[in-house]
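Residue numbers (the numbering used here), protein chains in the order written: chain W, 333 to 745; chain Y, 46 to 270.
All residues carry an ideal CB built from backbone N, CA and C; glycine is no exception.
Model, not experiment: these values are computed from the prediction.
Data block below; observations after.
Right, here's the structure in full:
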């Protein structure tokens, strides 16, 4: 189609400015809402995933067979150095942290509580999880400092302890012996999650001693990769390399956090449903506008056909008019969608007024405030879907216009 | 040489109403013909059939040596686009286009390049006496001016034959005379065949020949001076 006909199509869509503006606004609002919501949800889901990765398992958890299923201190890797050394040499790995995990009772002069203890190498753990960055009082563990313990603020509240306080840790070793030791609280963390009242950190070697484990033994190694997408291929590679070792097993975060994966999937499905509904409303608006326009111009189509316009040209003209109309709405919608996303990227979009408080899934905090970022992929998807819909809804009225007989059309008013 | 032939052509709208009945006449190349007759005599029906805009029930129509009976709708459309012009009683300009763009329209259909298109359109706008009004919209023109734009639009592709259905019906006497003189001039200068319909006896004098219809039948044919 020549530039002449594009110009004609463009002029045609603006012949009834009010109707065109209403349609463009409807499309624009729908697209803006979708672009922003998709950007928001993507960011929200990423935030949830990052929380899971940064406060739980990392991208992958390597452990002794059945440990993740039973969480028994009796199930541990006796000599994990082979795994640790292999991980250190892999370019995909950003960091890994060996952990000895056990339940313990912590007592202070004023109270006691049960905690899930994580005995870790402080530097490695700081690279794998975000707890060290969430210390609000004191410091995270330091290698040189013996018998140090870091607690969540709520656990400290229960025990009525603060930085510098003494606590006694009591647990059962893997050989059935009782392990107990006096620790000094060196730091308090706050993540606004279940971890604040249920997790504590001590040095890895002290954990081994308490549980009567040999050096180089551990329950789990949490691995953080440079790229989240590499989790599944890396897991497959690990299983290939260590396929002869029946004592080992590896899980991706998705396998360990199935409820969160399910929640995200459900959320995405609802999002898709919302997109379909909004786009259907926009498509109805487009169909209505184009049908009105065709009905008003029946006589004009008759003239065009009478002076030699090809039926296919008429069909093409109506389809292009619809696409142009939609494109104007889509461009404006995307532009405003980006502006709204950019605005909330700066100040944060908080759903607290709808949910009343942060909620927790599987112990991972899902914060209501999110800072959405512009993702062109979302704009591309929304644009492609709505243009396809516009093409579909315009085709039948366009064919109707193309199939008019000149005489019938010329006789219409 | 005949450019148009009607051989016993009938068009029946429904059981009671016949548009034309067994109408036969022919038009030679370069003629300026008027189809005369009162309202309902079948002038418009005959013109529409002749231009391939309407179908017919019986008989045969040959336009530019093509039997319309044997042509598919798309072939009729191509024939119209290439060699036939049509002028409507109510001008029927495209309201969103300027004068220049309206005249360009048939050339754009024929995929004529923009520069040539504009040159030809401007030539014809000048020819019909509307120079300087190229960028006006149709609703900014008088009826006579709009009809002259319609003439320029019909002439711009230099068709062999132009059909005009009651072209002066909506015009005052002076403007109507100006338009018919324009037909005469184009007919003489370009050799274009014109067939126009009218029930107004004052405009029939501009034709070379008048074919008079009544009740869809040929009443008489008369040559004019």
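| Asked | Found |
| --- | --- |
| Answer yes or no: does any C-beta atom of chain Y fall closer than 8 Å to that of residue 639/W? | yes |
| Alpha carbon to alpha carbon, how far is residue 383/W from residue 395/W? Give it in angstroms, no decimals. | 21 Å |
| Based on the DSSP secondary-structure assignment, which residues constitute the bridge partners of residue 427/W? | 556/W |
| Expressed to the nearest angstrom, what Euclidean distance is found between the alpha-carbon atoms of residue 447/W and residue 499/W? | 12 Å |
| Mind pulling the alpha helix (DSSP H) runs of 4 or more residues that sit fully within the region 493 to 530 of chain W? | 527 to 530 |
| Since residue 482/W and residue 519/W are thought to touch, with beta carbons under 8 Å apart, how far apart are those beta carbons, to the nearest angstrom? | 4 Å |
| Apart from the five residues just before and just after residue 345/W, which ones in its own chain have a Cβ nearer than 6 Å to its Cβ? | 352, 653, 656 and 657 |
| Looking at the secondary structure, which residues open and close the beta strand (DSSP E) in which residue 238/Y lies? | 238 to 243 |
| Between residue 626/W and residue 729/W, which are expected to be in contact by the criterion C-beta below 8 Å, what is the C-beta distance as a whole number of angstroms? | 5 Å |
| Between residue 434/W and residue 503/W, which are expected to be in contact by the criterion C-beta below 8 Å, what is the C-beta distance as a whole number of angstroms? | 5 Å |
| Which residues in chain W sit within 7 Å of residue 137/Y, going by Cβ to Cβ distance? | 635 |
| Report back the beta-carbon spacing between residue 262/Y and residue 68/Y to the nearest angstrom; my notes put them in contact at under 8 Å. | 7 Å |
| Starting from the Cα of residue 78/Y, find the closest Cα among 219/Y, 187/Y and 206/Y and give me that residue. | 206/Y |
| Counting along the chain, where does the beta strand (DSSP E) carrying residue 276/Y start and finish? | Given a span of 46 to 270 for chain Y in the structure shown, any question on residue 276/Y remains unanswerable. |
| Checking contacts by CB at 8 Å: is residue 337/W closer than that to chain Y? | yes |
| Looking at the unbroken alpha helix (DSSP H) that takes in residue 483/W, where does it start and where does it end? | Not the alpha helix (DSSP H): residue 483/W falls in the beta strand (DSSP E), residues 480 to 484. |
| Which chain Y residues are close to residue 642/W, counting only those with a beta carbon under 9 Å from its beta carbon? | 119, 122, 123, 126 and 154 |
| Can you tell me which of 701/W, 669/W and 666/W puts its alpha carbon nearest to the alpha carbon of residue 683/W? | 701/W |
| Below 7 Å between beta carbons is the criterion; list the residues of the region 342 to 356 of chain W that meet it against any residue of chain Y, in chain order. | 343, 344 and 347 |
| Shortest alpha-carbon distance to residue 134/Y belongs to which of 258/Y, 86/Y and 92/Y? | 92/Y |
| Would you mind stating whether residue 589/W and residue 377/W have Cβ atoms separated by less than 8 Å? | no |
| Output the distance between the C-alpha atoms of residue 466/W and residue 525/W, rounded to the nearest integer angstrom. | 11 Å |
| Determine which residues of the region 95 to 108 of chain Y have a Cβ less than 8 Å from any Cβ of chain W, and write them out in chain order. | 96, 98 and 99 |
| Just to confirm the assignment, what range does the alpha helix (DSSP H) spanning residue 627/W have? | 590 to 628 |
| Expressed to the nearest angstrom, what Euclidean distance is found between the alpha-carbon atoms of residue 173/Y and residue 83/Y? | 29 Å |
| In three-state DSSP terms, what is residue 265/Y? | strand |
| Under the three-state reduction of DSSP, which class applies to residue 452/W: helix, strand or coil? | strand |
| Could you tell me if residue 373/W is buried or exposed, where buried requires 16 or more neighbouring beta carbons within 10 angstroms of its beta carbon? | buried |
| Locate the beta strand (DSSP E) running through residue 465/W, then write down its first and last residues. | Careful: residue 465/W lies outside any beta strand (DSSP E) and carries neither H nor E. |
| If we define contact as Cβ-Cβ less than 8 Å, is residue 813/W a contact residue for chain Y? | The requested residue 813/W does not occur in the structure, where chain W is confined to residues 333 to 745. |
| Between which two residues does the alpha helix (DSSP H) harbouring residue 675/W extend? | 643 to 679 |
| Cutting at 8 Å between CB atoms, please list the residues of its own chain near residue 170/Y, excluding the five before and the five after it. | 144, 145, 148, 176, 178, 179, 194 and 197 |
| Quick check on the DSSP output: what are the complete alpha helix (DSSP H) runs of length 4 or more inside the region 106 to 171 of chain Y, in order along the chain? | 118 to 128 and 144 to 154 |
| How would you list, in chain order, the residues of chain Y whose beta-carbon sits under 7 Å from the beta-carbon of residue 671/W? | Within 7 Å Cβ-Cβ: nothing; residue 671/W doesn't reach chain Y, min ~32 Å. |
| Rounded to a whole number of angstroms, what is the C-alpha to C-alpha distance between residue 97/Y and residue 723/W? | 32 Å |
| Along the region 216 to 231 of chain Y, what residues have a CB closer than 7 Å to any CB found in chain W? | none |
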